[in-house]
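K.L.:
Take 286 as the starting number for the sequence shown in my numbering and just add one per residue.
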Amino acid sequence: MARPGHPIVGLDIGTTKVCVLIAEHSATGPVDVIGVGSAPSRGMRKGVVVNLDACVGSIKQAVEEAELMAGCSVDRAFVGVAGAHVRGLNSRGVVAISGRDHEVTREDVQRVLAAARAVNIPPDREIVHVLPQEFMVDDQEGIHDPAGMTGAKLEANVHIVTASVTAAQNLVNSVNRAGVEVEEVVLEQLAAADAVLTQDEKEMGIALVDIGAGTTDLVIFDRGAIRHIAVLPTGGEHVTNDIAVGLRTPIPEAERIKKKHGCALAGLVGEEDTIEVLSVGGRKPRVLSRQILCEIIQPRVEEMFSLIAEEFVRSAFDRCLHAGVVLTGGGAMLEGIQEIAEDALDVPVRLGAPSGIGGLAGTVGTPQYSTAVGLALHGARRRLTRPPRPAHPFLFSRMSDMVRGWFREVF
Ligand SMILES: Nc1ncnc2c1ncn2[C@@H]1O[C@H](COP(=O)(O)OP(=O)(O)OP(=O)(O)O)[C@@H](O)[C@H]1O
Ligand SMILES: [Mg+2]
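Okay, here's the thing in structure tokens:
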């Protein structure tokens with residue numbers, strides 16, 4: 286294949302689709318997208334691998350499609366991790382500034398982050414990210430980079446993201462078996478935030494809500510750093526199931542109807558609007574009012590946002606969302622969802638699609654691609670500080686090896 290080097294590859298293994306995005310550094314922006322592959326996802330439920338072989342097949346299919354489009358082969362990728370097994374916790378570390386002039390050195394920063402990281406993690410969980418929030422030198426708070434400052438005591442607040450060892454290892458194994466090495470595992474919400482949020486929004490205080498098929502992933506930023514993450518067991522799949530039951534129609538037909546005619550707010554639909562619905566068992570199609578469809582969808586979406594509102598309160602950052610909420614993921618494309626969200630959350634809400642990319646940007650400019658684009662953007666940044674390692678001789682990456690790698694990366 287024609288192109289040289291190791292392209293930057295984002296691999297998002299979702300509940301409904303596996304998406305592979307091949308990118309390269311560009312002269313005009315951070316990355317140019319040169320290939321996209323998408324395949325129906327099999328073997329995944331709520332962000333967790335439930336059938337390894339099926340999952341491997343889907344990854345291979347998406348990778349091949351992207352390779353054909355880009356004209357290069359994929360040997361490694363930045364892979365998104367998600368699912369209810371992912372947790373976040375805030376932690377704090379304190380060290381004495383020991384140098385001659387009491388000036389903070391890079392080593393002091395490393396030591397304080399190590400101290401903040403030293404929390405009890407159960408043996409069945411591993412650290413995925415250690416994300417610095419802010420540093421304090423003596424009583425001075427809110428410092429982004431303390432190196433060079435003078436004081437006696439250095440403190441750091443961090444957000445630690447952990448994942449189940451087995452769930453994460455199964456994900457890595459699936460990618461490996463598809464012939465791709467995992468360059469880094471990245472929390473999906475973190476990647477999506479890279480693609481759709483601005484730095485100003487992260488400073489002001491914002492929540493990103495990624496509504497997928499099986500799960501809804503949240504991340505809250507305030508003063509430029511991650512404060513809270515959560516994964517809620519709800520998503521577009523539940524809306525589709527409700528339509529299938531409510532209209533007595535097969536799931537694929539319910540999915541089609543939702544995408545074509547669905548609306549989360551009955552008030553937005555004209556009284557005369559009708560839809561045609563296929564029946565089960567080969568009976569004749571029926572014509573129904575679109576209002577009926579909305580009456581099925583609306584309560585489920587309202588329930589989704591009441592769960593989200595509860596999670597904001599639980600995080601204790603519900604009063605810090607000065608820039609509001611951004612909805613992304615395929616589930617956010619439902620008509621009327623923004624209005625319901627504004628009503629339930631009482632903050633401004635916008636729809637977030639990926640930005641900041643060139644090349645085939647049009648192909649991946651919709652909310653379903655936020656995570657994949659974010660993974661490529663994250664990868665592009667990493668490559669600037671850390672060139673790709675030579676390919677692993679046995680291809681098989683241990684989750685624990687990568688964790689050590691990420692930890693070094695933070696420093
Ligand atoms: N136009 C649309 N209107 C309403 N819903 C839509 C639309 N397009 C896609 N969806 C829904 O979005 C969901 C898929 O979103 P997405 O591709 O972000 O999920 P995923 O990444 O595969 O899943 P997850 O993140 O939960 O693992 C499906 O439930 C689908 O029905
Ligand atoms: Mg997703």
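The beta-carbon is built from N, C-alpha and C at its ideal position, and this holds for glycine as well.
Note down, in chain order, each residue of its chain lying with its Cβ closer than 7 Å to the Cβ of Asp507, except the 5 sequence neighbours on either side.
P.N.:
Gly490, Phe602 and Cys605
K.L.:
Do Arg462 and His523 have their C-beta atoms closer together than 8 Å?
P.N.:
no
K.L.:
Can you tell me which of Val467, Arg377 and Ala400 puts its alpha carbon nearest to the alpha carbon of Arg361?
P.N.:
Val467
K.L.:
Kindly indicate which residue of Asp502, Asn405, Asp479 and Val389 has the alpha-carbon position closest to the one of Glu440.
P.N.:
Out of Asp502, Asn405, Asp479 and Val389, Val389 has the C-alpha closest to the C-alpha of Glu440.
K.L.:
In three-state terms, what does DSSP make of His414?
P.N.:
strand
K.L.:
Of all residues in the structure, which have a C-beta closer than 5 Å to any heavy atom of ligand 2, taken in chain order?
P.N.:
Gly299 and Gly497
K.L.:
Ligand 1 and Gly342: does the residue's C-beta get closer than 7 Å to at least one heavy atom of that ligand?
P.N.:
no
K.L.:
For Met421 and Val404, I'd like the C-alpha separation in whole angstroms.
P.N.:
19 Å
K.L.:
Can you tell which of Ala308, Val634 and Val321 has its C-alpha closest to the C-alpha of Leu482?
P.N.:
Val634
K.L.:
Grab the span of the alpha helix (DSSP H) containing His523 for me, first residue to last.
P.N.:
Gly521 to Gly531
K.L.:
Among Asp386, Val446, Glu473 and Glu350, which residue has its Cα nearest to the Cα of Gly320?
P.N.:
Closest option to Gly320, Cα to Cα, is Glu350.
K.L.:
Following the continuous alpha helix (DSSP H) through Phe597, name the residue where it begins and the one where it ends.
P.N.:
Arg575 to Ser600
K.L.:
Consider the C-beta atom of Ser326 and the heavy atoms of ligand 1; say whether any pair is separated by less than 7 Å.
P.N.:
yes
K.L.:
Decide if Lys487 is buried, meaning its Cβ has at least 16 other Cβ atoms within 10 Å, or exposed.
P.N.:
buried
K.L.:
Buried or exposed, going by whether 16 or more other CB atoms sit within 10 Å of the CB of Gln484?
P.N.:
exposed
K.L.:
Val697 to Leu578, Cα distance in whole Å?
P.N.:
In the structure as shown, the chain starts at 286 and stops at 696, and residue 697 therefore has no counterpart that could be examined.
K.L.:
Helix or strand or just coil, what does DSSP make of Pro292?
P.N.:
It is coil, neither helix nor strand.
K.L.:
Report buried or exposed for Ala381, applying the criterion of at least 16 other Cβ atoms within 10 angstroms of its Cβ.
P.N.:
exposed
K.L.:
Report whether the distance from the Cβ of Leu619 to the nearest heavy atom of ligand 1 is below 7 Å.
P.N.:
yes
K.L.:
For Pro325, write down the residues that DSSP places opposite it in a beta bridge.
P.N.:
Lys302
K.L.:
What are the boundary residues of the alpha helix (DSSP H) that includes Val341?
P.N.:
Leu337 to Ala355
K.L.:
In whole angstroms, give me the CA-to-CA distance for Gly616 and Gly497.
P.N.:
Those two C-alpha atoms are separated by around 6 Å.
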